[in-house]
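A.B. asks:
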Amino acid sequence: MPRFTGQNKKRRDPRYFLNEGMKSDAQLQELLDDLKSSLPQGIYMKTTFYPSVMYRILRSGNADGTPGNEENGVEMALKYLASGLETQDRDPISVDEMLTYFSSLKAQLFTIKQDMGPRVTPNFEPTPFGSKDKRAFKV
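Our numbering puts the first residue of the sequence shown at 11, with every later residue one more than the last.
1. Between which two residues does the alpha helix (DSSP H) harbouring E40 extend?
2. For S48 and P77, I'd like the C-alpha separation in whole angstroms.
3. Under DSSP, the beta strand (DSSP E) around L53 begins and ends at which residues?
4. Would DSSP call P61 helix, strand or coil?
5. Go to T97, then tell me how far its beta strand (DSSP E) extends in each direction, as first and last residue.
6. First and last residue of the alpha helix (DSSP H) that includes I122?
7. Please list the terminal residues of the continuous alpha helix (DSSP H) segment that includes E107.
8. When the distance is taken between beta carbons, is I67 closer than 7 Å to T97?
9. Give every residue of the same chain whose Cβ lies closer than 8 Å to the Cβ of G140, excluding the five residues on either side of it in the sequence, and list them in chain order.
10. When we look at the beta-carbon of G83 and count the other beta-carbons within 10 Å, is it buried (16 or more) or exposed?
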């Protein structure tokens, strides 16, 4: 293993990143991509749904990101996700109806919330106008 001193000081030592798992924002983005691809026929995700807002709600429990409601983060994230889904006739979908289609969604969001550190910030890339999908930065 090379030494990271002197000339190599600015390089990243790969030993520190061996046990690093997938970041929580990338996990959330992957979960939302899977959810979007497996939506039942007649249910669509609104174009005004933002994964970065859902990440902030999941982390803090509040839509504006202010701390103090962390224990309700999963419930509030489920409500935000349900508000981002609609039927073909533009009717909203309730959280209970959403959970009938995706029964393991609540448990998956809970594990993502547990993986979040206290000072974690999302790495969502701002999407230019007119683009359909949001994506996380590649790390």
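Every residue, glycine too, gets a C-beta built ideally from N, C-alpha and C.
C.D. replies: In short, the structure shows the following:
1. Per DSSP, the continuous alpha helix (DSSP H) segment holding E40 begins and ends at S34 to S47.
2. Straight-line Cα distance between these residues: approximately 33 Å.
3. Looking at the sequence shown, residue 53 is not Leu but Ile. Unbroken beta strand (DSSP E) run through I53: I53 to M55.
4. Looking at P61 - three-state DSSP - the assignment turns out to be helix.
5. Annotation: the continuous beta strand (DSSP E) that includes T97 extends over L95 to T97.
6. Going by DSSP, I122 is part of the alpha helix (DSSP H) stretching over L115 to D125.
7. For E107, the enclosing alpha helix (DSSP H) starts and ends at V105 to Y111.
8. Not a contact, by the Cβ cut-off of 7 Å.
9. With a pLDDT of 48 at G140, under the threshold of 50, the modelled position of that residue is not reliable, and the figure given next carries that caveat. So no residue of the chain qualifies.
10. Classification of G83: buried, given that the 10 Å Cβ count is 16 or more.
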